[in-house]
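If you're matching positions, the sequence shown starts at -4 in our numbering and goes up one per residue.
Data first, discussion second: the structure below is written as structure tokens.
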Amino acid sequence: MAAPLGDVMVMGRPDAVEGKVVNLPSHQAINDFSEKKHAAHDGDIDIKGPLDPEIKAALPEYDGDGHDKDGDGEDHVIVTGADAAAYLLPMRDDFVPALTFRSLLLATVLSGFQAVVYQIYQFKPTLVTIQGTFIVLMAYFLGRGWVKLLPRGDKFEARWREKGGVGKAPMWITIMSFFNHGEWNLKEHAITSITATSASIAAPASQVFAASDLFYDMPLSPVTVIFSTISIGLFGYGICGIMRPICVWHVDSVYWSSLPTVKVLQGLHWQSVKDSKPLRWFWIAFSCMFVYEFFPAYIFPWLNSISIPCLAAMHATGNTAATLTNLFGGASNNEGLGWFSISLDWQYITSFQSSLPLKLQLHQAAGFVFCFFIMLGIYYGNAWGSKDLPFMSTRLLTQEGKQYPSESVFIDGILDEKALLQYGLPRITGTFAYAMFMANAAIGALIAHIVLFWGGDTVRAFKDAKKGKFDDPHHAHMAKHYKDAPQWWYLAVLVVSFVLGLVVVIKENVTLPVWAYVIALVMGTIISPFSTLLYARFGNGIATNNLSKVIAGLILPGRPIGNMYFAAWSHNVINSAVQLSMDLKLGEYLKIPPRVMFMTQIYGTVLGGFINYAVMISIVTGNKHLLADTDGNASWSGANIQSYNTNASTWALAAYLYKQGKAYSIVPFGLLIGAAIVLAHRIFVRFVPKIGNFSLREINFPQFIQYAGYIPYNQSQTCVLLSWTIVGFFTQFYLRNYRPRIFKDYSYLIAGAFDGASLTCLFILSFAVFGAGGPAIPFPQWWGNNVAGNYDLCPVAE
């Protein structure tokens, strides 16, 4: 068997640690036992008789007779990270090669594909989390096709030996084995998928480059974009390596949203359609969702925003129409609150929502309800003169409520004070000002919560890592069997990424001084552990970009472009650290050698930088007016870029807008208020730790505050919020507590199938009819797509 790239081949397996011959237990017995377990779940057979010693060692949750030691292994309710490690995520490691020629080549192809898709969704009407299942399925079919269509070296070698061949196989067989040896295995598949997702890590940084072109007429050179993107991604990876003991190796660092990807990968390789009911349901779910998604996504978009109140009020006019749309509209960005709307479009629901733990679902639902009523109070109470402006908007507006001429006020990205006097100070909607305040409060709460509630545990995790003591059994296995990537590798990545960014700052016109660039990186380095810890344990993090804007506004007054770059090398570095840490944890769950993970993640990040640039330029050039000056259409929206620019521009005018006595002076104080809320919570918990059986430590104010300001800040279609809540509670409350076996065997797998199917459909539509590959081809107008108004048929006020 040909050695995989970067591994040492030993008898029976590639071993990245010992480099010597080892005696392996047979994994066939374990595989057979696993299949029997699944069959037993389906009521087909019963497991009887003593276990083979090898199986007993590999499956410690079972006793010598094949029974759960605690009697509840299969029906155990998954609550904590330790529960997930012990009962949900198998310890199985087949010690097969991960980095091979075919896995590297397919990783390159899919890295390009993922970078394209992810970049496209930066300009879609609703920001969608591209779940890993889509790439997993593509990698699965490509890998299986490779194995079937190309000659396999192992089969030719077997025939050669049957004919009497001895010793080393002929060169032609060795070459054939290098390109194609054995079945497409789990680790090759995982490496291909993880490398591909790494290619989209720094794609959000494209907001900077798009905003420069759209709002300031400052198109940037390829060197600026590519070097910046790679620098941001790699610096985040360097930070990720340093904080592995707390953000990857800790048992509570689960990264819940990655579990559908893990379960799909394991199901595709460890189960067969013939013998596994869960896998059969996976393919049934995939097929049905693929066909169905064409309807809400293209033919019948009303299915994404079913609103009975909108149907009842569709003929209303004037102020009545505006009020009803503010309350019940939610099919378009910034349309309304979407009360009682239901979305039946999985592209906007995603497995991300179904996989979030129940405690986050509760915080999210409570935050949305709070946000609804505060937004109404602000608008109809006329706070910040809200009634003179739209109810919801992310754009920078003039005093009269029109589009603010940023390109005329900021010449070459720097404030022209004469133009500012001519056009006047900008305004933002009251709901958006509130959202910015809450975003700051969530950041202050995040830092306070990590320090006050998790600080001691974090210190212990670093001390245990130095002693080689690990509470996560998956990492303990990895530490025992594979060489770790040394710390100096990650430090070297930090140095290289710093130099790339320095080249951009010095050589290109980005209006960011070198000293401010250094401050941005220091800030990203300090905040990354806080943000990653929360994401790892709760399944979602806190957007820290507002803190970046606050600091940039103070140290770079009058420079919105410099403000954006400051945020890119602080907030986007944090985002990269979070995403790459999640991929490292994914590698531990799937038993990928750490050094292989290091090489492939860097490769994907660098490759993605080039591709992100090409796609971004294509979309911005072809849709410039649509993205800059409107709310967009069903195919493209610049709401995300508009919000980004609004933030940067307002913070560049911090001295005029946020100082004491100015219109929005309360916004910066959100940082202190959020931290104060958590401090009060910590003091209260010290004296009242529980109310009944409920531990007050479970309350997480950073998450609640984030969702309490989520709606105007994230520009999402609000018609999906109720569907998020229903899907989340059904999965995480009902299935997890009352149908634990279904939750364990089916929930992540089926949600992953829905992700893969809906994104496959959307990829086809994006290039076929949505305009990503040419002119858009809208579906003929009918009431189900209502292209002349709101898709949910809510009235449009005159």
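For every residue, glycine included, the Cβ atom is placed at its ideal position computed from N, Cα and C.
Quick check: N558 and L551, are their CB atoms within less than 9 angstroms of each other?
yes
Going by C-alpha to C-alpha distance, which of T645, I587, F682, C714 sits closest to T187?
I587
Which two residues bound the contiguous alpha helix (DSSP H) that contains H676?
665 to 682
Quick one: using the 10 Å Cβ neighbour count with 16 as the cut-off for buried, is R731 buried or exposed?
Under this definition R731 is a buried residue.
Touch test, the stretch 406 to 422 against the stretch 340 to 352, Cβ-Cβ under 8 angstroms, three pairs minimum:
no
Determine the DSSP secondary structure at V16, reduced to helix, strand or coil.
A caution first: V16 carries a pLDDT of 32, below 50, which makes its placement in the model unreliable, though a value can still be read off. Residue state, collapsed to three classes: coil.
Decide if the stretch 126 to 143 is in contact with the stretch 178 to 194; the criterion is three or more beta carbon pairs, one per stretch, under 8 angstroms apart.
Yes: the two stretches touch, three or more of their Cβ pairs being nearer than 8 angstroms.
R736, DSSP secondary structure in three states
Of the three classes helix, strand and coil, the one that applies to R736 here is helix, per DSSP.
Could you tell me which uninterrupted beta strand (DSSP E) segments, each at least 3 residues in length, are contained entirely in the stretch 419 to 491, listed from first to last along the chain?
none
Could you spell out the range, first to last residue, of the alpha helix (DSSP H) harbouring N688?
N688 -> no alpha helix (DSSP H), and no H or E assigned at all.
Proximal residues to G380 (C-beta, below 8 angstroms), its chain only, five neighbours per side dropped:
R422, G425
Buried or exposed: where does A134 fall if 16 or more other Cβ atoms within 10 Å of its Cβ makes it buried?
In this structure A134 is buried. Its beta-carbon is surrounded by 16 or more other beta-carbon atoms within 10 angstroms.
Beta-carbon within less than 7 angstroms of V680's beta-carbon, same chain only, minus the 5 sequence neighbours each way: which residues are those?
The answer, listed in chain order, is L691, R692.
So the alpha helix (DSSP H) R532 belongs to, where does it begin and stop?
509 to 533
Please tell me whether S753 and W483 are closer than 9 angstroms, where the distance is taken between their beta carbons.
no
Got a sec, what are the start and stop residues for the alpha helix (DSSP H) K544 sits in?
540 to 550
Endpoints, the alpha helix (DSSP H) within which S742 is located
Neither: S742 is in no alpha helix (DSSP H) and is coded neither H nor E.
N- and C-terminal bounds of the alpha helix (DSSP H) containing C242
239 to 242
If you count every other CB in all the chains shown that lies within 10 Å of the CB of A307, and 16 or more means buried, which is it?
exposed
Is it buried or exposed, A205, if we count other Cβ atoms within 10 angstroms and call 16 or more buried?
buried
Give the secondary structure of F405 by DSSP, where H, G and I count as helix, E and B as strand, and everything else as coil.
strand
Three-state class that DSSP yields for Q398 in the structure shown:
strand
In DSSP terms, what L392 is bridged to
Q398, R422
Under the rule that 16 or more other beta-carbon atoms within 10 Å means buried, what is N567, buried or exposed?
buried
Looking only at its own chain, which residues have a Cβ that is under 6 angstroms from the Cβ of M370, when we skip the five neighbours before and after it?
T426
CB-CB under 6 angstroms to S164, same chain, minus the five flanking residues each way: which ones, in chain order?
According to the sequence provided, residue 164 is Ala. The question's Ser does not apply to it. Within the same chain, A164 has close Cβ partners E152.
With distances taken Cα to Cα, identify the nearest neighbour of I556 among A572, V500, E583, L581.
V500
Need the endpoints of the alpha helix (DSSP H) that M309 sits in, please.
Following the DSSP letters along the chain, one finds M309 in no alpha helix (DSSP H), marked with neither H nor E.
Under 9 angstroms between the Cβ atoms of G231 and A531?
No; because the gap between Cβ atoms is not below 9 angstroms, this pair is not in contact.
Residue environment, Y485, which counts as buried when at least 16 other CB atoms sit within 10 Å
With 16 or more other Cβ atoms inside 10 Å of its own Cβ, Y485 counts as buried.
Per DSSP, L410 is paired with what?
F405
Going by beta carbon distance, what residues of the same chain come within less than 6 angstroms of G784, once the five residues before and after it are set aside?
Answer for G784: V791, listed in chain order.
For I130, three-class secondary structure by DSSP:
It is helical.
Spatial neighbours of S388 in its chain, beta-carbon cut-off 6 angstroms, leaving aside the 5 residues before and after
N329, T424
In the DSSP assignment, find the alpha helix (DSSP H) that holds G582 and state where it starts and stops.
Residue range 566 to 584 is occupied by the alpha helix (DSSP H) that includes G582.
If we call anything under 9 angstroms between Cβ atoms a contact, is C789 one with P524?
no
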